[in-house]
Amino acid sequence: MVNQARLLYIIFGPISPQDGQVVWQKMIEGPTDESSLKGLADAIKLLYDTSTKEWTADDVISLVDELSVVPREWLLENNARLLILSGNNICFTFMASKAVNGRAIELAKLIVFLALVCEKELYCMDWAVKMMQKVCKVFSTPMERNNFLQSVANAFACVIMEMLQAVMSGDRDEDDRSFLNLFHLVHAQANFHKEVLYLTMNTLST
Numbered sequence: 001m002v003n004q005a006r007l008l009y010i011i012f013g014p015i016s017p018q019d020g021q022v023v024w025q026k027m028i029e030g031p032t033d034e035s036s037l038k039g040l041a042d043a044i045k046l047l048y049d050t051s052t053k054e055w056t057a058d059d060v061i062s063l064v065d066e067l068s069v070v071p072r073e074w075l076l077e078n079n080a081r082l083l084i085l086s087g088n089n090i091c092f093t094f095m096a097s098k099a100v101n102g103r104a105i106e107l108a109k110l111i112v113f114l115a116l117v118c119e120k121e122l123y124c125m126d127w128a129v130k131m132m133q134k135v136c137k138v139f140s141t142p143m144e145r146n147n148f149l150q151s152v153a154n155a156f157a158c159v160i161m162e163m164l165q166a167v168m169s170g171d172r173d174e175d176d177r178s179f180l181n182l183f184h185l186v187h188a189q190a191n192f193h194k195e196v197l198y199l200t201m202n203t204l205s206t
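Residue 1 is where the sequence shown starts when you use the UniProt record's numbering, and the numbers rise one by one after that.
What follows is the structure, given as structure tokens:
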């Protein structure tokens with residue numbers, strides 16, 4: 001699957017407008033844009049399509065997992081953006097796979113970056129909350145579910161502190177980018193928890 005992931009990146013990944021070469025570092029060096037990921041997302045959706053008999057859902061999820069470390073581990077924000085562009089089914093299946101394989105802490109951090117991308121791109125934040133709610137149903141016991149929700153809250157705090165450290169230790173240009181990212185994340189957390197509160201209150205009132 002490693003070779004397939006590399007091949008997918010070579011064919012559908014971002015290329016340099018100057019020389020047409022594959023930009024291997026694009027997903028590692030900083031947050032990227034939708035246009036850099038759209039080709040990859042469309043290819044993944046095509047493979048996931050039920051009419052493509054050669055690829056099972058598990059194969060596609062393994063491919064997405066491998067892709068996110070080509071050539072090295074991607075920034076989680078770029079991973080989250082790819083999942084959003086790949087559509088609800090792939091995004092949920094990928095996250096559910098982490099849930100059943102005991103990777104709840106990784107999953108919690110991914111939720112944070114899904115919320116961040118929603119905030120930056122002005123996507124509906126209730127989508128991220130409903131995706132988390134759907135993933136919660138994958139956990140087999142209330143204790144596992146509660147531990148996961150605690151991990152999501154902790155992940156927001158940890159990522160905010162990491163970004164704050166980047167702001168305090170960076171140079172001037174880096175500082176501006178880091179501060180803007182922190183600004184978006186704080187707003188993402190507020191809007192994410194607002195949607196959680198809406199969901200909770202509406203459930204209580206019905």
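The beta carbon of each residue, even a glycine, is placed where N, CA and C say it ideally should be.
{"Check": "Report the three-state DSSP secondary structure of Val22 (helix, strand or coil).", "Outcome": "strand"}
{"Check": "What does the Cβ neighbour count give for Asp77, buried or exposed, with the cut at 16 atoms within 10 Å?", "Outcome": "The residue asked about is misnamed: residue 77 is Glu in this sequence, not Asp. So Glu77 ends up on the buried side."}
{"Check": "Please go through the same chain and pick out, in chain order, the residues whose beta-carbon is closer than 8 Å to the beta-carbon of Lys38, but skip the five residues on each side of it.", "Outcome": "Leu85"}
{"Check": "Suppose you measure from the CA of Val69 to the CA of Asp176; what does that come to, to the nearest Å?", "Outcome": "27 Å"}
{"Check": "At 3 residues or longer, and completely inside the segment 123-176: list those beta strand (DSSP E) runs for me, N to C.", "Outcome": "none"}
{"Check": "Measuring alpha carbon to alpha carbon, tell me which residue in Thr56, Leu149, Phe192, Asp58 is nearest Lys120.", "Outcome": "Phe192"}
{"Check": "May I have the straight-line CA-CA distance separating Val100 from Leu114, to the nearest angstrom?", "Outcome": "19 Å"}
{"Check": "I believe Val129 touches Val196 by the beta-carbon criterion, under 8 Å. Please report the beta-carbon distance rounded to the nearest angstrom.", "Outcome": "6 Å"}
{"Check": "Would you check if the segment 162-169 and the segment 90-100 touch, i.e. whether three or more CB-CB distances between them fall below 8 Å?", "Outcome": "no"}
{"Check": "Is Asn147 close to the ligand GTP? I mean its beta-carbon at under 6 Å from any heavy atom of the ligand.", "Outcome": "As far as ligands go, the structure on display features none, and thus does not contain the ligand GTP."}
{"Check": "Give me the residue from Leu199, Glu66, Asp19, Lys194 with the minimum Cα distance to Leu8.", "Outcome": "Glu66"}
{"Check": "Whether or not the segment 51-65 and the segment 101-109 are in contact is what I'm after, with contact meaning three or more pairs of Cβ atoms, one per stretch, closer than 8 Å; do they touch?", "Outcome": "no"}
{"Check": "Using the Cβ count rule (16 or more neighbours within 10 Å means buried), how would you classify Gly30?", "Outcome": "exposed"}
{"Check": "Am I right that Phe148 and Phe139 are in contact with their C-beta atoms under 8 Å? What's the rounded C-beta distance?", "Outcome": "6 Å"}
{"Check": "Taking the alpha-carbon of Asp200 as reference, which of Glu144, Pro17, Ala188, Asp126 has the nearest alpha-carbon?", "Outcome": "Residue identity differs from the one stated: residue 200 is Thr in this sequence, not Asp. Checked all of Glu144, Pro17, Ala188, Asp126; the closest Cα to Thr200 is Asp126."}
{"Check": "Is Asn3 buried or exposed, if buried means 16 or more other CB atoms sit within 10 Å of its CB?", "Outcome": "exposed"}
{"Check": "For Thr32, collect the residues of the same chain with a Cβ closer than 6 Å to its Cβ; drop the 5 residues on either side in sequence, then sort them by chain order.", "Outcome": "Lys26, Asn78"}
{"Check": "Look at the alpha carbon of Phe12 and the alpha carbon of Leu182, and state the distance between them as a whole number of angstroms.", "Outcome": "30 Å"}
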